[in-house]
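Numbering (our numbering), first residue to last: 5 to 72.
Report on the structure given below.
What follows is the structure, given as structure tokens:
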């Protein structure tokens, strides 16, 4: 996801994916369940970028490590 001075998704972005990426970007502000749900949504979303996938995988691995 491209971060910049804009607020909200641009026209072609899916709103759910945009919010999920925002949650991942500010993961420390959310509970683990919310972050994990956002990660799963991004991993399953057809518009998700390679960078989105990397972030989601990294966060899910971190969540798994903390739970172990």
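C-beta atoms are modelled at their ideal positions from N, C-alpha and C, and glycine is treated no differently.
Nearest CA to the CA of residue i: which residue from the options?
i, options, result
"residue 18", "49, 71, 70, 69", "49"
"residue 63", "22, 52, 20, 29", "29"
"residue 59", "35, 34, 44", "44"
Between the alpha carbons of residue i and residue j, how many angstroms are there, rounded?
i, j, result
"residue 57", "residue 40", "13 Å"
"residue 54", "residue 33", "24 Å"
Assuming contact is defined by CB atoms lying nearer than 8 Å, are residue i and residue j in contact in what I supplied?
i, j, result
"residue 42", "residue 24", "yes"
"residue 27", "residue 38", "yes"
"residue 46", "residue 68", "no"
Please classify residue i as buried or exposed, where buried requires at least 16 neighbouring CB atoms within 10 angstroms.
i, result
"residue 31", "buried"
"residue 52", "buried"
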